[in-house]
Structures are given as structure tokens and as C-alpha cells.
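K.L.:
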Amino acid sequence: MGQKQSYILGLLGLVPFIIIFLMYFISPPNDEIYNLMIFIYIAYAAIISSFLGGIQWGLITAFADKIYYVFTPLLITVIPALISWAALLSLENLKLSLLLLLIGYVISLLHDYYLYQQLKITPLWFITMKVILSLTVSILTIILIIFI
Numbered sequence: 000m001g002q003k004q005s006y007i008l009g010l011l012g013l014v015p016f017i018i019i020f021l022m023y024f025i026s027p028p029n030d031e032i033y034n035l036m037i038f039i040y041i042a043y044a045a046i047i048s049s050f051l052g053g054i055q056w057g058l059i060t061a062f063a064d065k066i067y068y069v070f071t072p073l074l075i076t077v078i079p080a081l082i083s084w085a086a087l088l089s090l091e092n093l094k095l096s097l098l099l100l101l102i103g104y105v106i107s108l109l110h111d112y113y114l115y116q117q118l119k120i121t122p123l124w125f126i127t128m129k130v131i132l133s134l135t136v137s138i139l140t141i142i143l144i145i146f147i
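Here numbering that gives the first Met the number 0 is used: position 147 in the sequence shown is 146, and no number is missing along the way.
Quick look at the structure:
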């Protein structure tokens, strides 16, 4: 239930990443424009990373009665948001900010897999969707890290 809608909204959530990514590469060669595009990308990625942690938090609390120990899984849900905050505080070094975001997305994806595989609180379609979305964002971020 909600699978189709989740895929549609998830894919729509990729649109700003892709547009900003493309604008970075097709905009006139100007450091101010490049830096603005990367700033917008980082800000959006930080917001989405926090949102992903919120999804995990909600899943864990919804199934808390079926999970033996909830503190560690809940703790892990806030790590990507804290990393994203650090990325926003590190904007003087855009590569570092992007790298921090990448690390946050990887942690979030690994935690999603743990929630699926070990705690059994997410369906297969959900983890499949999260892998597709997270890998897309990760690949775009890696390319930006290489080219800035």
C-alpha cells in the first residue's frame, strides 16, 4: 500500500538534485554561479538527509514494541542530519561539504538495509526504492566532488 505513490514522490524528490547537477555543468563558466549551484545542492541534500532520518525514526518508533533495543537504531537515525548540519557549517570547503553529505547518505542507506534485513520493519519494495534513490544522489554527489 502506498508503493506507487512512494516511488512517484521519491523520483520527484530527485528532480532538484538532477536539475542543479545539470545546471552546474551547463551554466556559464563563472565561479560565483558554480558556488551558488553547489550551495543550493548542499542545502537541498541536507534537508532530504534529515527527512530520511525522520522516516527511519518513524519506522522504529512505530515498531518499537517488536524491537528488543531501540536506542541504537534511533541514535543512528539522527547521525545523517548531524552530518548534514556539519556540511552546512563547512561551506567554505565545498568538497568537504559534499563529502560529508555523501557519508550521511551512505550511513542512511546502510541503516535502511539494517532495518529491512535485521529488524524486518520495512518491505522489500521500500528498500529497493531507497537503494535506487540513494545511489542516484550518491553518484551525482561523487561526480560533483570530482569536478569542483
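Every residue, glycine too, gets a C-beta built ideally from N, C-alpha and C. Note that this is a predicted model, so its numbers are computed, not measured.
1) Quick one: what does DSSP say Ile66 is sitting in, helix, strand or coil?
2) Does any CB atom of chain D fall closer than 8 Å to the CB of Trp124?
3) Taking a contact to mean a Cβ-Cβ separation below 8 Å, would you say Trp56 touches Thr76 in this structure?
4) By the three-class DSSP mapping on this structure, what secondary structure does Leu90 have?
5) Whole-angstrom Cβ separation of Ser49 and Ser83, contact assumed at under 8 Å?
6) Let's test the definition: count the other Cβ atoms within 10 Å of the Cβ of Ile19 and tell me whether it reaches 16, buried, or not, exposed.
7) Can you find the residues in the same chain that come closer than 6 Å, C-beta to C-beta, to Leu139, ignoring five residues on each side of it along the sequence?
8) How many angstroms separate the CA atom of Ala63 from the CA atom of Leu109?
P.N.:
A quick look at the data gives this:
1) coil
2) Looking for chain D here will not work: only one protein chain is present.
3) yes
4) coil
5) 6 Å
6) buried
7) Phe16 and Phe20
8) 20 Å
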